[in-house]
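Residue numbers for the sequence shown follow this note's numbering, beginning at 4 and rising by one.
Below is one structure, written out as C-alpha cells, with a few remarks after it.
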Amino acid sequence: MTEFTIRNHVLFVDGKQVAFRHSPNRSGTIVPDVLVLHDTAGRIEGKGESSIEWLCNPQARASAHLVMGREGDITQLVPFNVAAWHAGPSSFKGRNNVNAFSVGIEIVNPGSMTELAGRAKPWWDQTFDKAQYGIERRSTREHGDALWMPYTARQIEVSKLLCRALVRHYSIKDVTTHWAISPGRKVDTNPLFPLEDVRGYALGGGVPAPSAPASPPASKPAPAAPPAKTAAGKFGDVTADRLNFRRTANGEIIGSLPRGTRVEVNYFEREWINVTTPAGYSGFVHSNFVSII
Ligand SMILES: [Zn+2]
Numbered sequence: 004m005t006e007f008t009i010r011n012h013v014l015f016v017d018g019k020q021v022a023f024r025h026s027p028n029r030s031g032t033i034v035p036d037v038l039v040l041h042d043t044a045g046r047i048e049g050k051g052e053s054s055i056e057w058l059c060n061p062q063a064r065a066s067a068h069l070v071m072g073r074e075g076d077i078t079q080l081v082p083f084n085v086a087a088w089h090a091g092p093s094s095f096k097g098r099n100n101v102n103a104f105s106v107g108i109e110i111v112n113p114g115s116m117t118e119l120a121g122r123a124k125p126w127w128d129q130t131f132d133k134a135q136y137g138i139e140r141r142s143t144r145e146h147g148d149a150l151w152m153p154y155t156a157r158q159i160e161v162s163k164l165l166c167r168a169l170v171r172h173y174s175i176k177d178v179t180t181h182w183a184i185s186p187g188r189k190v191d192t193n194p195l196f197p198l199e200d201v202r203g204y205a206l207g208g209g210v211p212a213p214s215a216p217a218s219p220p221a222s223k224p225a226p227a228a229p230p231a232k233t234a235a236g237k238f239g240d241v242t243a244d245r246l247n248f249r250r251t252a253n254g255e256i257i258g259s260l261p262r263g264t265r266v267e268v269n270y271f272e273r274e275w276i277n278v279t280t281p282a283g284y285s286g287f288v289h290s291n292f293v294s295i296i
C-alpha cells in the first residue's frame with residue numbers, strides 16, 4: 004500500500020513525510036498546473052544520492068521537486084509551490100519557461116548509453132550488463148539511437164500513484180516529459196518509459212482536468228473507416244484496454260494506449276491510423292480499436 008498525500012506543498016507517503024533535502028536552486032512562488040517527468044541521467048544506486056547531491060549544489064544551477072530511486076524511494080528538494088530549475092529553455096502548448104508553472108520529477112535512470120564491448124556504457128565511467136538490466140536499443144525521432152535501461156516496475160507504479168496524487172491536489176492539467184517541452188535539446192524520459200500509461204492513470208478516474216480524456220469506456224463499435232478517406236483534423240477515442248501503439252503500420256510496438264485515450268487522427272493507411280497521442284507521440288494504431296469522434 005502506497006498512498007501519497009500533500010500538505011503545505013510537501014509530500015507524504017503513507018502519512019509520513021518523504022526525505023527532504025533543501026536545494027538552493029529555486030526561485031519564486033508558483034501555482035503548478037503541469038507535471039514534467041525527467042531522468043536523472045546519473046548513477047542508479049540507492050535513492051539517487053549522487054543526483055540529489057548535484058541538484059543541491061549551487062554550482063549545478065539545476066534542481067527538481069522530487070527525485071525517485073530505482074526502489075521508488077522519493078526525496079523532495081523543493082516545495083511544490085516554489086519554482087525548481089528542472090526544465091531550462093522549454094515550451095508547453097505555447098507557454099515558455101515551464102519551470103514557472105510545473106512540478107519536476109526526476110526518475111533515477113542512466114539515460115542514453117552506448118555499446119562498449121557488449122555492455123552498455125553511460126556518460127560516466129561504468130558499464131552495465133545488458134541482460135541483467137533488460138537494456139534495449141531503441142531509436143526514435145525524439146531520442147535518437149541509443150541503448151536504454153528500462154524503469155523498474157516499482158518506479159512505474161510510484162510514478163502513477165505520485166502523479167495522480169499531485170493531479171488531485173493541484174490543478175494539474177497535464178503530464179509531460181522533458182523531451183516534449185525541450186525538443187531537440189533533451190531526451191528524457193527515455194523511449195522505454197510508458198508515458199501514456201502513467202499519464203492516463205494520473206489524469207483519469209474522473210479528475211476534472213480539461214485536457215484529460217474524460218470519456219467513459221466507449222461501448223459503441225469502432226466505425227468502419229474507409230481507408231482512402233482522409234480524417235485529418237479529427238479525433239478518436241481508444242476502445243481497447245491497452246491498444247498497441249506502433250512505429251509503422253503493423254510495425255514494431257513502441258507502447259500501448261489505455262482505454263479512453265483521445266488521440267488526434269492524422270491519416271489512414273489501409274486499416275491502420277497514424278495518430279498523435281496527448282503527449283505528442285506519433286505512431287500507428289489499428290482502426291478497429293479507435294472510435295472516431
Ligand atoms: Zn530532464
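Using N, Cα and C, we set each Cβ at its ideal position, and we do this for glycine too.
Remember, it's a predicted structure, so these values are computed and weren't measured experimentally.
- Would the beta-carbon of D191 be found less than 8 Å away from any heavy atom of ligand 1? yes
- Can the beta-carbon of L38 be found closer than 9 Å to that of V190? no
- Task: Using a threshold of 9 Å, state whether the C-beta atoms of G258 and G286 are closer than that.
- Result: yes
- Under the assumption that S26 contacts S53 (Cβ atoms under 8 Å), give the Cβ distance between them as a whole number of angstroms. The Cβ separation is near 14 Å, so there is no contact.
- How many whole angstroms separate the CB atoms of G18 and K50, which I take to be in contact at a CB cut-off of 8 Å? Going by Cβ atoms, the distance from G18 to K50 rounds to 19 Å, so no, they are not a contact pair.
- Message: Taking the straight line between their C-alpha atoms, what separation do you get for T78 and P125?
- Response: 23 Å
- Query: On the three-pair Cβ rule with 8 Å, is the segment 86-99 touching the segment 4-22?
  - Reply: no
- Query: What's the C-alpha gap between S214 and A120?
  - Reply: Confidence in S214 is poor, its pLDDT being 40 and thus under 50, which makes the residue's placement unreliable; the coordinate value appears in the next sentence. Taking the straight line from one Cα to the other gives about 46 Å.
- Can you tell me the Cα-Cα spacing of A243 and T143, whole angstroms? 25 Å
- Spatial distance of A149 from E109 (CA atoms): 20 Å
- Query: Helix, strand or coil: which one does DSSP assign to N291?
  - Reply: helix
- R379 versus I295: straight-line alpha-carbon distance, rounded: Given a span of 4 to 296 for the chain in the structure shown, any question on residue 379 remains unanswerable.
- Query: Thinking C-beta only, is R24 closer than 9 Å to P127?
  - Reply: Residue identity check: residue 127 is Trp in the sequence provided, not Pro. No, the Cβ-Cβ distance between W127 and R24 is not below 9 Å.
- With 9 Å set as the bound, which would you pick, yes or no: does the beta-carbon of N291 sit closer than that to a beta-carbon of chain C? Note that chain C does not occur in the displayed structure, where there is just one protein chain.
- Message: Any heavy atom of ligand 1 inside 8 Å of the beta-carbon of H181?
- Response: yes
- Taking 8 Å as the cut-off, is the CB of E109 close to at least one heavy atom of ligand 1? yes
- For ligand 1, is there a heavy atom less than 8 Å away from the beta-carbon of D42? yes
- Message: Please state the DSSP three-state secondary structure of M48.
- Response: At residue 48 the sequence reads Glu, which differs from the Met that was named. Looking at E48 - three-state DSSP - the assignment turns out to be coil, as it is neither helix nor strand.
- May I have the straight-line CA-CA distance separating S185 from T5, to the nearest angstrom? 32 Å
- Spatially closest choice to E255 from Y270, H289 and L198, by CA coordinates: H289
- Roughly how many angstroms lie between the CA atoms of R267 and P61, to the nearest whole one? The displayed chain sequence assigns Glu, not Arg, to residue 267. If you take the alpha carbons of E267 and P61, they lie about 42 Å apart.
- Neighbourhood of S174 by C-beta, 6 Å cutoff - its chain only, sequence neighbours within 5 removed: D36
- Query: To the nearest angstrom, how far is it from the Cα of R245 to the Cα of E272?
  - Reply: 21 Å
- Going straight from the alpha carbon of R10 to that of I33, what length do you get? 16 Å
- Task: Examine ligand 1 and report whether any of its heavy atoms sits within less than 8 Å of the Cβ of H89.
- Result: yes
- Message: So for F104, helix, strand or coil by DSSP?
- Response: helix
- Task: For A205, count neighbouring C-beta atoms within 10 Å of its own C-beta (all shown protein chains included) and say buried if the count is 16 or more, exposed if not.
- Result: buried
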